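Accompanying notes for the structure given below.
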Amino acid sequence: MRRALISDIHGNLEALEAVLDDIQQQRIDEIFCLGDIIGYGPNPRECIDLVMQNCEVSLLGNHDEGALFDPNGFNIGAERAIFWTRDQLETGGDSAQRERRWDFLSELHRTYRTGPYLFVHGSPRNPLSEYIFPEDIYNQRKMERLFQLVEHYCFQGHTHVPGIFTEGYQFYAPEEIDHEYTLGDGKVMVNVGSVGQPRDGDNRACYLIVEDSLTSGSDAEADGETSAPPSGPTRLFYRRIPYDFESTIEKIYAISELEPFLGDRLRQGR
14 MRRALISDIH GNLEALEAVL DDIQQQRIDE IFCLGDIIGY GPNPRECIDL
64 VMQNCEVSLL GNHDEGALFD PNGFNIGAER AIFWTRDQLE TGGDSAQRER
114 RWDFLSELHR TYRTGPYLFV HGSPRNPLSE YIFPEDIYNQ RKMERLFQLV
164 EHYCFQGHTH VPGIFTEGYQ FYAPEEIDHE YTLGDGKVMV NVGSVGQPRD
214 GDNRACYLIV EDSLTSGSDA EADGETSAPP SGPTRLFYRR IPYDFESTIE
264 KIYAISELEP FLGDRLRQGR
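Okay, so the sequence shown: first residue is 14 according to the numbering used here, each after it adds one.
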């Protein structure tokens, strides 16, 4: 089984299309999206449509929830982007298209389990909105509590900073491990990075491939039970994909409701 994990697309159509094109070349069996399909970016409708068409599993992100309800805890720029995004979803396309998108967002789950894997947007403690930053490895109390909620392996997004947290309070950025990692007996939390708005200083889109000996649908997906890790090694591969971010930036600049810094940060990878 080769599964692609994408997250934090944030309405960036150019980045999502580039990642999906790369995924098609990687012998991928299925794609999971870990949330925040929308927010910040200029193409929320198109990104939702592509996720609906291509992802077997999709989770709710805090920006997705903000569009569904009232945005809480957002800065002014993010809040304005959410209100603009909501307007785009309420007015774009025909009524059937609008209804399909809203139904899709409203039915997204906060967590998903299959085999030894837990998938969330934020963290195992607060699946929607808790951040786990690399510097949190120095907060032993926080890390202990998080790992108590992980049976084997947890995959998440939300911070837009890819990397691997180990139970021994280590954090490995992709470049420190040559973009590959083999899971072992210890618990890990894995941030898959961001497709549409990387914040680790690398402005290329980021996603993760998980390769294991499991087969799709063979595990306890329905009842939520977990199972032992695969009999063979589980290998992780980070992929960094260049895309035409200048086109995305131009779109953002042209929309008065979207703050210019939302475009600038795409160029900076911050």
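C-beta atoms are modelled at their ideal positions from N, C-alpha and C, and glycine is treated no differently.
Owing to the predicted nature of the structure, the values given are computational and were not obtained by experimental measurement.
Check	Outcome
Residue nearest to residue 78 in terms of C-alpha spacing, selected from 112, 132, 105, 95	95
Limits of the beta strand (DSSP E) - the one that residue 169 falls within	166 to 169
Alpha-carbon spacing of residue 239 relative to residue 129, whole angstroms	Residue confidence for residue 239 is low, a pLDDT of 49 falling below 50, so the modelled location carries little weight and cannot support an answer.
Through-space distance from residue 132 to residue 205, alpha-carbon basis	11 Å
Nearest-angstrom Cα separation, counted from residue 23 out to residue 121	16 Å
Whole-angstrom C-beta distance between residue 211 and residue 173, which should lie under 8 Å	6 Å
Where residue 25 falls, given that 16 or more other Cβ within 10 Å makes a residue buried	buried
8 Å contact criterion, which residue 254 and residue 276 should meet: CB distance rounded	Wrong, their Cβ atoms sit about 19 Å apart, outside the cutoff.
Residues near residue 41 by beta carbon distance below 6 Å, same chain, minus five either side	15, 17
Segments assigned beta strand (DSSP E), at least 3 residues, entirely inside the stretch 87 to 150	124 to 127, 130 to 133
Distance CB(residue 258)-CB(residue 279) smaller than 8 Å	yes
Whole-angstrom distance between residue 48 and residue 60, CA atom to CA atom	12 Å
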